[in-house]
Amino acid sequence: MKRIRDFINNADIRRFRFWLQLLFFVLFIYGGYFAVNLGNSIPVFSCGYDKAVGGMCYFLPLQHQLARPLDVLLSAASISVLIGFVTFLLWFIVFNKAWCGYACPLGTMQDWITGLRKKMGIRYSTYTQPQFDTLKKIKYIMLAIVILAPMGVGMGLLGGEWRTAFCEICPSRMITPLFVGDVSQWSLDFSTKTAMILTTLGLIFTGLFLIGSFFKKRFFCFFCPMSAMHYIFSDGALLKLKKDGDKCTKCGDCYNVCDMQIKDIADDVKSTNILRDDCIFCMKCVAACPEDDALHVDILNMKLFTSTKGGFAKRMEMDRLEKKDD
Amino acid sequence: MTEHKIETPKERQNRHKAMEAAAVLEKIKHDFKEPPKAMDYFYDLHERVHCKHEALHSDKAKVGTMCIQVPSEIIYALDAVPLRLCNGFYADDEIGSDFLPSKSCPLVKATIGQFASNNFSDKPDIVISPTTCDQKAKSGAIIENMGFEVYDMEFPRTKESHESREYWRRSVRKFTKDLSENLNTKLSKKKLKDAIKKVGYAQHLYHKLNILRKDNNSPILGKDMFLVTNAFFFDKIDNWIEAVEALANECEQRVKDEISVASKRSPRIVYTGSPPIFPNLKIPLLIELSDAIIVADETCSSNRMFNDMVSVDEWFVNDMVDSIADRYLKGCTCPIFTKNEDRKRRILDLVRDYNADGVIYQAFAGCQVYEMEQRSVLEAMERAGVPILYLETDYSPSHLGQLTTRIEAFVESLKNRKRRQ
Ligand code: SF4
Ligand code: SF4
Ligand code: SF4
Ligand code: SF4
Ligand code: SF4
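Residue numbers (the numbering used here), protein chains in the order written: chain Y, 1 to 326; chain H, 1001 to 1421.
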């Protein structure tokens, strides 16, 4: 048991993560070709506009459901809405935001773009603290669009083209289908003025996505409404990101590697549940923490992966001296 | 007729210092239960440097540092050696007294004293003075007046805010650039990465050794650990690494063989406060001569120098420099910061982690910041039910009687407490 635990705590999670992300990417983007169907309540951006999707982003069905007229929504049809939602929750409750760090195809794409930037030897950028504090609110506005726009359609306040308003501006709609050779989403819809504005915004956001995630790690995740939605339910999830403040020296090593620039991960020594709304549960912080058990990932209060001095030294290659060739 | 050589002041001073160092080394070597064999390297090293005044780095550019906040990784990456100049000699303390107010910190006085007498076996080419405590910060100008090249490195005195992180990062970037120009050496990605990993490995070895001190069979005494960490001030890093590798292996074996340097009843002490720097190991020696053992410490001449590690996400020069900067600010528990919650938390964590029975807090008379923090640390310990002894000391070798009595009484009370449990 101790051997297994040591093995996990010393593991190079970067490699583990890379392969897991690739696996999920194939599963979600090409799953359809292999008759994989994980339903349409997947709690990440596994885009429904991809013809071969192996499990669909929950937002697409959700928007369609919410766009029904109010009396339909509150009638027997509500059962299907409820089932969709419960399935979403069940998926989410187990893995928490680790869906983002390990399974989301759009998240994975951003990590690949980051990889490209690193190869080119270009440094990443960060937000200043005030920028961070302002920008982080945007994801809640996005979530409001996901929920309120279709409801507005249902209540007859908005035109039909608002039905999937968020999807229209979601960069995933244009980018994900490219992986199965489908470029049909790369067009502007001139049918109505609203449609034109929304699809134009979509194009702009797609451009921003590509440029943004080149310079900023996980650029889009910071604004992602799914992330906001996750946070509402994350307290009930089984997988947890925990901190033992007594053991933390506030050294900031975790903050230094955090793609999402979450300051609390280092500075908050009071909370035990340290998962924040921006977090993508990538566990990089746990891997980069040099204090024994200061940060850990728990499932049902059992430590699954915990920070150790030994694991840190191993991952940073500080547990031995590199042999000199000369 | 034989010619009488008249001793120059410098020679006389060196003779005094050698005597001072030799006396302490004698004690360390012979007044205790058998130390690990691998300690011989360190006994010998301190003798060579402090008694025989041997130079270790004549072939390299030498960068003197006045505090732990000066990033050694960057100095190594620029092919120079960092020499920590914080001084523990009473002989120098006396010389330094002429340059400072009478109630100054003995460490600062001793450091200035060494500059005043310009008596170095390895003389620094440039001195980096971070703006930490007032006395250190203002020493820079005094030293500069003595004809040394001094570089003031701005260090923030709050560390919680984002602004302070940014400020310090900028300060370290500037330092990197300026030092690189001063030494006429270019910083490369590879060299910096290697330096981070080498210093990281040294820290890793220190941790390895420390973890063994958690065992009830203590393989090594605190006085020896202070010699090991003090040696990092000036030793060649490669030699130091090799020696500590051997020491860690030997201690590991000792723990397996259940060889202990203290008895089972010896109270386990966490040491905190003003830094013991060779040869001023007065208090650690008194503690361990009173049948207690120092199992951990929270001081800038030892644990604080090694504890926090550099973590880098992307190994570009700028990121490495920023990560290095954070290492020296964010986790630092130096009393010069406005708040000291981190320090209290740290001491308590060490007490728990190393299964300690009590804490001994030394403040140098004249070190205002440690003196000022004393109250709040005492309160925090009392609240947590951890016995603590506060001592005010200086570098003078006299008046040991009263200190001995107080330490012995404290150790005795810890023993009684232990028996009752
Ligand atoms: S466009 Fe975006 S929100 Fe809509 S289904 Fe695709 S990934 Fe989900
Ligand atoms: S936050 Fe990022 S990883 Fe998570 S669902 Fe959104 S795009 Fe995907
Ligand atoms: S890396 Fe660990 S010890 Fe350092 S601030 Fe983060 S949680 Fe605390
Ligand atoms: S807090 Fe940790 S798990 Fe969350 S995004 Fe940052 S590094 Fe990843
Ligand atoms: S012991 Fe106190 S006064 Fe002396 S150098 Fe250290 S912090 Fe400054």
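For every residue, glycine included, the Cβ atom is placed at its ideal position computed from N, Cα and C.
Chain H contact residues for Y/Phe305, given Cβ-Cβ distances below 8 Å: In chain order: nothing, as chain H lies at least about 17 Å away.
Outcome for H/Gln1135 when other beta-carbon atoms lying within 10 angstroms are tallied against a minimum of 16: buried
With 16 other Cβ atoms within 10 Å as the buried cut-off, status of Y/Ala35: exposed
Beta-carbon proximity check, Y/Thr306 vs Y/Asp293, cutoff 9 Å: yes
Local conformation of Y/Arg276 per DSSP, three classes: coil
Check whether H/Leu1056 and H/Pro1279 have beta carbons under 9 Å apart: no
Nonlocal neighbours in the same chain, by C-beta distance under 8 Å from H/Arg1304, ignoring five residues either side: Ile1068, Glu1298, Cys1332, Thr1333, Cys1334
Endpoints, the alpha helix (DSSP H) within which H/Ala1195 is located: 1189-1212
Chain-ordered residues of the stretch 1340-1357 of chain H with a beta carbon less than 9 Å from chain Y: Glu1341, Asp1342, Arg1345, Arg1346, Leu1348, Asp1349, Arg1352, Asp1353
CA-to-CA distance, H/Ile1211 to Y/Asp326, given in whole angstroms: Low per-residue confidence applies at Y/Asp326: pLDDT is 45, beneath 50, and the placement is therefore not dependable, though the value from the model is reported in the following sentence. Between Y/Asp326 and H/Ile1211, the C-alpha separation is close to 34 Å.
For Y/Arg173 and Y/Cys47, believed in contact at Cβ under 8 Å, the rounded distance: 6 Å
Within 9 Å, strictly: CB atoms of Y/Pro171 and Y/Tyr49: no
Contact with chain Y by H/Ser1104, beta-carbon distance below 9 Å: no
beta-carbon Y/Gly48 near ligand 1 non-hydrogen atom, thresh 8 Å: yes
Own chain partners of H/Ala1380 with C-beta closer than 6 Å, once the 5 adjacent residues on each side are dropped: Lys1344
Near ligand 6: Y/Leu241 beta-carbon under 8 Å from a heavy atom: Only ligand 1, ligand 2, ligand 3, ligand 4 and ligand 5 can be found as ligands here, which leaves ligand 6 out of the picture.
Heavy atom of ligand 4 within 8 Å of Y/Ile13 beta-carbon: no
Near-chain H residues of the stretch 252-267 of chain Y - C-beta to any C-beta below 9 Å: Gly252, Asp253, Cys254, Tyr255, Asn256, Val257, Cys258, Asp259, Lys263, Ala266, Asp267
Closer than 9 Å to chain Y by CB, H/Asn1307: yes
Terminal residues of the alpha helix (DSSP H) in which H/Asp1353 lies: 1341-1353
H/Lys1159 classed as buried or exposed, judged by whether at least 16 other C-beta atoms fall within 10 angstroms: buried
Span separating the alpha-carbon of Y/Asp319 from that of Y/Pro290: 12 Å
Exposure of Y/Ile211, with buried meaning 16 or more beta-carbon neighbours within 10 Å: exposed
Residues near Y/Asn9 in its chain [Cβ-Cβ closer than 7 Å; skip 5 each side]: Phe305, Thr306, Thr308, Gly311
Helix, strand or coil at Y/Pro43 [DSSP, three-state]: coil
Residues within the stretch 310-323 of chain Y neighbouring chain H, beta-carbon criterion of under 8 Å: Phe312, Ala313, Met316, Glu317, Met318, Asp319, Arg320, Leu321, Glu322
Proximity winner among Y/Ile141, Y/Arg276, Y/Cys282, Y/Pro105, relative to Y/Asp12 (alpha-carbon distances): Y/Cys282
Listed by chain order, chain Y residues near H/Asp1313 by CB distance under 9 Å: Tyr124, Lys217, Asn256, Val257, Cys258, Asp259, Lys284, Ala288
Residues within the stretch 1369-1388 of chain H neighbouring chain Y, beta-carbon criterion of under 8 Å: none
Where the alpha helix (DSSP H) through H/Val1386 begins and ends: Unbroken run through H/Val1386: none, as it is neither H nor E.
Cutoff 6 Å; reference H/Ala1038; Cβ partners in own chain excluding five residues on either side: Ala1246, Leu1247, Glu1250
Pairwise C-alpha distance: H/Phe1306 and H/His1207: 8 Å
Coil, strand or helix - H/Pro1267 by DSSP: coil
Three or more C-beta pairs below 8 Å linking the stretch 1099-1109 of chain H and the stretch 1359-1371 of chain H: yes
For Y/Asp111, the three-state DSSP class (helix, strand or coil): helix
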